[in-house]
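Counting in the working numbering, the first sequence runs from 1209 upward without gaps.
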Amino acid sequence: MPRSEEAEAWANAVYAAIQEIPRGKVTSYGHIALLLGEPQRPRQVGVCLKSLPNAESGSHFHSGNVPWQRVINSKGMISHREYRGPGSAERQAEALIQEGVEVTRDSMGEFYVNFSHYGWFPKMLPSEEEEGKNDGDGELFVQDS
DNA sequence: CGGTTGACCGTAT
DNA sequence: AATACGGCCAACC
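Right, dumping it as structure tokens:
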């Protein structure tokens, strides 16, 4: 949990912004930061998610009402959580699949979501649109029984 | 108290 | 195409 008032206000803004992501869509850490007017703080968005309270904690924002799984990195990949045990990326992939998002896996075993189909970038400038970035290569990820 | 470490990202080389 | 480098800053040695 954040210590200072300032940090807590930021965390609450991050959680509220994430709640705006529609079911079945994904966005990036950087875009959440951009929406909050702090384009240079994508990293702190990740910090907030790391400390997102559990659903049982009684906090206003928690893993039961903040769709944490809809935030991935700018390459369309589900980011690793180092120190937490393996399988955390898998859990995120499963949560996304659960709501109808296609998750693919590349040759390295990384999980990807195609932004051109599932991306939610409401503040994206019309001049952008990039080179499609991740264009659906890789195999469909299905849970092992 | 100083140094390191990340659920990151755009730019530069 | 692939690294490298700042910027960011709370949490944790």
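Glycine residues also receive a C-beta, built at the ideal position from the N, C-alpha and C atoms. Keep in mind it's a predicted model, so treat the numbers as computed, not measured.
Boundaries cannot be given for Leu1260, as no alpha helix (DSSP H) includes it and DSSP labels it neither H nor E. Rounded to whole angstroms, the gap between the alpha carbons of Glu1318 and Gln1252 is 23 Å. An exposed status is given to Lys1283, since fewer than 16 other beta-carbon atoms sit within 10 Å of its beta-carbon. Contact between the region 1259-1275 and the region 1222-1237 is present: three or more C-beta pairs spanning the two stretches fall below 8 Å.
For Ile1305, the enclosing alpha helix (DSSP H) stretches over residues Ser1296 to Gln1306. Runs of alpha helix (DSSP H) with 4 or more residues, each lying fully within the region 1231-1281, are found at 1237-1243 and 1250-1258, listed in chain order.
Under DSSP, Gly1327 shares a beta bridge with Val1234.
Judged by DSSP secondary structure, Ile1226 falls within the alpha helix (DSSP H) whose first and last residues are Glu1213 to Ile1226. Here DSSP, grouped into helix, strand and coil, assigns Met1316 to coil.
Put simply, the backbone Cα of Val1234 is about 13 Å away from that of Gln1306.
The beta carbon of Ala1301 lies closer than 7 Å to those of Ile1286, Val1311, Phe1319 and Phe1349 in the same chain, with the five residues before and after it left out. Counting every other CB atom within 10 Å of its CB across the protein chains shown gives Asn1322 a total of 16 or more, marking it as buried. The C-beta of Ala1263 has fewer than 16 other C-beta atoms within 10 Å across all chains shown, which makes the residue exposed.
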